[in-house]
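Visitor: Take a look at this one; I'll ask things after.
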Amino acid sequence: MTTEDRQASGRLDLPESEWRERLGDQEFRVLRREATERPFTSALNHECRSGIFLCAGCGAELFRSDAKFDSGTGWPSFFEPIAGAVDTRRDFKLIVPRTEYHCTRCGGHQGHVFSDGPAPTGLRYCNNGVALRFRPAPECEPTRANPPGGEE
Ligand SMILES: [Zn+2]
Numbered sequence: 048m049t050t051e052d053r054q055a056s057g058r059l060d061l062p063e064s065e066w067r068e069r070l071g072d073q074e075f076r077v078l079r080r081e082a083t084e085r086p087f088t089s090a091l092n093h094e095c096r097s098g099i100f101l102c103a104g105c106g107a108e109l110f111r112s113d114a115k116f117d118s119g120t121g122w123p124s125f126f127e128p129i130a131g132a133v134d135t136r137r138d139f140k141l142i143v144p145r146t147e148y149h150c151t152r153c154g155g156h157q158g159h160v161f162s163d164g165p166a167p168t169g170l171r172y173c174n175n176g177v178a179l180r181f182r183p184a185p186e187c188e189p190t191r192a193n194p195p196g197g198e199e
């Protein structure tokens with residue numbers, strides 16, 4: 048049974064031991080232990096192609112590339128998730144409460160949401176890059192060179 052098969056039935060609820068097997072060490076610490084990756088370490092900071100950002104835990108579609116912006120924080124940042132893709136929860140780990148958010152499907156921790164984002168939402172979803180995968184839109188695939196008048 049593949050991950051995609053399980054997704055079709057709704058939520059992906061796995062025991063910790065299985066998450067440990069599926070995920071890399073850093074992925075596990077972020078997604079299942081709410082660790083935060085060091086800033087400016089994710090290649091996705093610079094990902095500017097159009098496409099979809101997926102949960103690294105279960106493959107759920109979380110953010111569209113057109114909601115991504117450069118926050119300068121060193122973490123991939125978005126002003127809006129795909130509807131219903133993430134759930135939020137108050138987090139009191141630091142002195143100032145933050146709003147944690149996680150993948151609705153598998154519960155994997157993604158990041159924190161702050162209210163200093165750009166229009167139209169004014170929100171900043173500050174996401175751990177290691178908790179995401181990027182899937183480029185089909186039109187980003189290299190197309191075969193087919194210049195006009197190529198027969199000459
Ligand atoms: Zn997930």
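All the letters of the sequence shown, read from the start, carry residue numbers 48 to 199 under the numbering used here.
Every residue, glycine too, gets a C-beta built ideally from N, C-alpha and C.
Just so we're clear, the structure is a prediction, and the values are computed from it rather than from any experiment.
1) Terminal residues of the continuous alpha helix (DSSP H) containing Phe75?
2) Between the Cα of Phe125 and the Cα atoms of Glu65, Pro183 and Leu179, which residue gives the shortest distance?
3) How big is the Cα-Cα spacing for Gly158 and Leu109?
4) Any chance the CB of Arg79 is under 7 Å from a heavy atom of ligand 1?
5) Roughly how many angstroms lie between the CA atoms of Thr151 and Phe100, to the nearest whole one?
6) I need the DSSP call for Met48, collapsed to helix, strand or coil.
7) Can you give me the Cβ contacts of Ala114 inside the same chain, cut-off strictly under 6 Å, excluding the 5 residues immediately before and after it?
Guide: With the given structure in hand:
1) Asp72 to Arg80
2) Leu179
3) 12 Å
4) no
5) 14 Å
6) Residue placement at Met48 is flagged as unreliable, the pLDDT there being 45, under the threshold of 50; a coordinate-derived value is accordingly withheld.
7) Phe125, Phe126 and Glu127
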